[in-house]
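Here's the structure, in structure tokens; my notes come after.
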Amino acid sequence: MNIIPLFVVIPLGSAFLISLLGKRIKGLPDSLANLGTLLMAGLSIYSIFLIKEVGVQVYKVGGWTPPIGISMVLDGLSSFMLVTVNLTAFLITLFSISYMKKYTAKWKFYTLFMLMLGGMNGVIITGDMFNLFVFLEIAAIASYALVAFGIEHEELEASFKYMVMGGVASLFILLGIALLYSLTSTLNMADMGRVLTAQGPSKLVLFVSVLFLVGFGLKAAIMPFHAWLPDAHPSAPAPISAMLSGLLIKVLGIYALMRIFFNVLGAQPAILDILLVLGTISMVAGALLAIGQEDIKRMLAYSSISQIGYIVLAMGIWTPLAILGALFHLFNHAIFKSLLFLNSGAIEYSTGTRDLREMGGLNARMPLTGTTSLIGSMSISGIPPLSGFWSKLIIIFAAIQSGHFVLALIAILVSVITLAYYLKLQRYAFFGNLQDKWKHILEVPFTMKLSMVILALICIMAGALLLPGVREIFLKPAQDALYAGKDYAATVFESIR
Amino acid sequence: MTKNSKGMTLIVKTITRLTVGLILLYGIYIVLHGHLTPGGGFAGGVIIALSFVHLMLAFGKEVALKKVSRPIASLFESIGALMFLSIAVIGFVGGYFFLNFFINKGTPFKLFSAGIMPLCNIAISFKVGAGLFAIFVALVLLKIDSEDKER
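Heads up: the protein sequence lines correspond to chains A and B, in order.
The working numbering puts the first residue of the first sequence at 1, with every later residue one more than the last.
The working numbering puts the first residue of the second sequence at 1001, with every later residue one more than the last.
So this is what it looks like as structure tokens:
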């Protein structure tokens, strides 16, 4: 049996089972969600080795041969994204076991969570343009509901704003897909790429690129389209903030952007320049806006915009080294941003506040949260030898190598600003004197600790992914798949035969 | 008049009593002939949900909720989704996800034909019908809650 459809079957199946039985059987939502995500994390790691042995795999849904039928494509990039998503999702569900106890409807949370995960896995694994849109909507709609999970005034407002912006984004994407369909008469992504190559360059493709840039840019919260993110991400419960900031904007935004722009439409110089500019703006403005924040989760949300800027910048440089940097930074950011959001959740769990000014000296009562948060903060600011240092280094090297000296300088400066606001976070929350009202708070329960420690360990160890021998297994296939550009079509059609 | 005071006037109630069964039957017809005629699981599911919505509009929410309560609606919704997924997964028997696993697919344009298509339509109609009805119920209950607070 082929493992490829399981990435969609397991999350959707467990979501519906939880919604059917979760209310009646106590403990089922926790165990089913954790088991499902653990299984998928295992399968995604297995898929890396599968690709190493067999090469790119195309799955024909229903036995219909593409381009007539729907296909699912597992190549280096998909497998890389699957590992990132499912590994992080497993650690987040582990954290949710204790954290979500304070909410009444845990089973509803897990249902929506697994639906969102199913949507994200679907976006990654599909080889069909319209399927990509459908899965994108599944993930997005589940996330609208999850942002409003607390149903307080602030959360509903954030969710409504997010829903309107997300709806506009989906509309742009749908219009782009419709125009591409009218141009190429096919919805299969590989076939679309082949037809577009045969037809040669056209103005319509450029127009569609702009539509996609706006649509996926909104989903990824690149700077001029970022307004929903600082409201939506802090409002959700902490595991969902981790999921949204760590994974959702990357899968729905960055991954879809990369796949469609580079593998289907082909890298166009004009679009690459736009990506460079947008990436730089988000990087700088996100960091500057983050400094002044007093709400810990809001600061992290602005920081996400800034880090997404790094990834988009590296995509715009478009050299093999830059692509490696972008992908590696994407992986690292998924890990440390999830860790930091889980830390903020742990603080909220123990103290009940998110305001940095009310905290102070929490290291004394919550040493583990403090230590893991320090590791996450230092990693995202790019302190060697933690993972963030290596990915930023690669991006800066790639910028210098391709002659973008100013951009390299800006990237270094933004890294310094990042260090500044994360030091502020550490200083206000964990260092200093413990306030009297926090004298009796307790460290968080075991599963929450475990999840944070594992994420922190990955932060420390992830630099090893660049070592020769290890790099060829995990990062290199993804880099090759993306940098192959329009050869994606040829690769897919070869493996159908 | 005490019992019948909820809902709309006698004229509407009488007309509803006559038409609601027909609407439900028409919805079921659309679902079952989804693979032969225009329509299908989604359209049929919407019509089935509308028949209950119709009941609720004419007679008030108690009457409709006695027929289909909120837990029942959410149960049917989950069952519909799981049924659709199971049909897809049973395809693994023949080696492929979503494989049309019936060997004898019947004569084209007959009611029992097209393999898994009618089954998929039925699953979708469960999901859509129960889902739409649940959304309507949620809106109605929310409205009543907010009216209670204003008083």
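By construction, the Cβ of each residue, glycine as well, lies at the ideal position given by its N, Cα and C atoms.
At a cut-off of 8 Å between C-beta atoms, A:G76 does not count as an interface residue with respect to chain B. Pairing A:R298 with A:K250, the inter-Cα distance amounts to about 18 Å. Look at B:Y1096: its C-beta is under 8 Å from a C-beta on chain A. Scanning its chain for C-beta atoms nearer than 7 Å, with the 5 sequence neighbours on each side dropped, one finds around A:K23 the residues W107, in chain order.
Taking 8 Å as the upper bound on Cβ-Cβ separation, chain B lies near no residue of the stretch 116-136 of chain A. Contact check for B:G1044 and B:G1060: beta-carbon distance about 26 Å, past the 8 Å limit, so the pair fails to qualify. The beta carbons of B:L1085 and A:V9 sit closer together than 8 Å.
Linking A:E157 to A:Y144 through their CA atoms gives a straight-line distance of about 11 Å. Taking CB atoms only, B:A1073 has no neighbour in chain A less than 8 Å away. Distance from A:W438 to A:R354 at the Cβ level is roughly 14 Å; contact not present, criterion being Cβ atoms closer than 8 Å. Within the DSSP bridge table, the entry for A:K297 names no partner.
Pairwise C-beta distances place the stretch 1104-1121 of chain B in contact with the stretch 1031-1043 of chain B, as three or more of them are shorter than 8 Å. Within 9 Å of the CB of B:I1079, the CB atoms of chain A belong to F16 and L20, in sequence order along the chain. Your pair A:S159 and A:A232 checks out as a contact, with CB atoms roughly 7 Å apart and the cut at 8 Å. Secondary structure of B:Y1029 (DSSP, three-state): helix.
Within the stretch 140-209 of chain A, the complete alpha helix (DSSP H) segments of 4 residues or longer fall at 153-184 and 189-199, listed in chain order. Under the DSSP definition of a beta bridge, A:T126 partners with A:M72.
Spanning the alpha carbons of A:F431 and A:I260 requires a straight line of approximately 45 Å. With a threshold of 8 Å between beta carbons, A:V73 makes no contact with chain B. Using a Cβ distance threshold of 8 Å, A:I51 and A:S71 do not count as a contacting pair. The contact set of A:G62 on chain B, defined by CB atoms closer than 8 Å, consists of G1091, Y1096, F1097, F1098, L1099 and N1100 in chain order. In the structure shown, A:Y103 falls within a coil segment according to DSSP collapsed to helix, strand and coil. Following the DSSP letters along the chain, one finds A:K476 inside the alpha helix (DSSP H) bounded by residues R471 to Y483.
Listed as beta-bridge partners of A:D355 by DSSP are A:D295. For A:V56, the three-state secondary structure derived from DSSP is coil. For B:E1062, the enclosing alpha helix (DSSP H) covers residues K1061 to K1067.
Here DSSP, grouped into helix, strand and coil, assigns A:N34 to helix.
The stretch 301-312 of chain A makes no contact with the stretch 345-359 of chain A, as fewer than three CB pairs between them are under 8 Å. Under a 10 Å Cβ-count criterion, B:M1008 is classified as exposed, with fewer than 16 other Cβ atoms of the shown protein chains found around its own Cβ.
Contact of B:L1111 with chain A is not assigned, every C-beta pair being separated by 8 Å or more. A straight line joining the alpha-carbon of A:S47 with that of A:L12 spans about 20 Å. A:A301 and A:L368 have their C-alpha atoms some 23 Å from each other. Counted as a single uninterrupted DSSP element, the alpha helix (DSSP H) harbouring A:Y488 occupies residues D487 to I496.
For B:R1070, the enclosing alpha helix (DSSP H) stretches over residues R1070 to I1090. For the pair A:H440 and A:G361, the Cα-to-Cα distance works out to about 13 Å.
Assigned with DSSP and collapsed to three states, B:F1097 falls in coil, not helix or strand.
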